[in-house]
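Below is one structure, written out as structure tokens; comments come after it.
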Amino acid sequence: MNPLKIVTRAAPTGPVLRIDGALDYGNATALRDMLPTLTLQPGQRLVLDLAGMEFCDSSGITALIAARNHAQAAQADIALAAVPPNTLRILRIVGLDQIFSFHPDSDAATRP
5 MNPLKIVTRA APTGPVLRID GALDYGNATA LRDMLPTLTL QPGQRLVLDL
55 AGMEFCDSSG ITALIAARNH AQAAQADIAL AAVPPNTLRI LRIVGLDQIF
105 SFHPDSDAAT RP
């Protein structure tokens with residue numbers, strides 16, 4: 005597995021974080037530590053592009069929930085894009101499909 009790499013870009017709807025590598029116990033804190041540095045305005049959407057994510061464990065899922073909490077605190081929305089099938093299955097099993105919106109890619113997630 006590759007180490008975690010997070011690349012941030014701006015979109016008209018808000019920040020997009022591309023997460024590549026393993027979002028796991030050893031790396032999830034990188035995402036959690038980045039969240040307070042993101043400026044979100046009410047009504048914006050934080051997009052987490054997971055197309056390059058190779059693995060996600062419970063610590064990674066906790067980091068995704070922390071991202072949702074950060075967005076909600078700013079009165080913003082959150083969307084997950086290009087969620088790998090195995091991760092999507094787990095998110096659905098544990099009911100997180102009820103709190104996240106899913107999009108096929110970051111382009112779809114950043115449409116107003």
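If you count the sequence shown from 1, you need to add 4 to reach my numbering. Just so you know, even glycine gets a beta-carbon here, dropped at the ideal spot from N, CA and C.
Using the rule of at least 16 other Cβ atoms within 10 Å of the residue's Cβ for burial, across every protein chain shown, is I103 buried or exposed?
One-based indexing of the sequence shown puts residue 103 at position 99. With fewer than 16 other Cβ atoms within 10 Å, it is exposed.
Validate contact between the segment 56 to 70 and the segment 22 to 41 using beta carbons, cut 8 Å, 3 pairs
The segment 22 to 41 and the segment 56 to 70 touch, with three or more beta-carbon pairs separated by less than 8 Å.
How about P88 and M57: are their beta carbons less than 8 Å apart?
Start at 1 with the first residue of the sequence shown, and residue 88 comes out as number 84. Start at 1 with the first residue of the sequence shown, and residue 57 comes out as number 53. Against a cut-off of 8 Å, the Cβ pair of M57 and P88 comes out as a contact.
On the premise that A80 lies in contact with L52, defined as a C-beta separation below 8 Å, what is that separation, rounded to the nearest angstrom?
Taking the first residue of the sequence shown as 1, we reach residue 52 at position 48. Taking the first residue of the sequence shown as 1, we reach residue 80 at position 76. Not really, about 13 Å apart at Cβ, beyond 8 Å.
Compare the C-alpha of A8 against each of P16, V98, M38 and T17 and name the closest.
As a first step, residue 8 must be located in the sequence shown, where it is residue number 4. Reading the sequence as shown, one finds Leu at residue 8 and not Ala. Comparing Cα positions, the closest option is M38.
Could you work out which residue in L54, A32, A14 and A34 is closest to S105 when comparing CA atoms only?
Mapped onto the sequence shown, residue 105 falls at position 101. Closest option to S105, Cα to Cα, is L54.
Between the Cα of N6 and the Cα atoms of C60, D101 and P19, which residue gives the shortest distance?
As a working mapping, residue 6 is identified with position 2 in the sequence shown. Nearest of C60, D101 and P19 to N6, Cα basis: C60.
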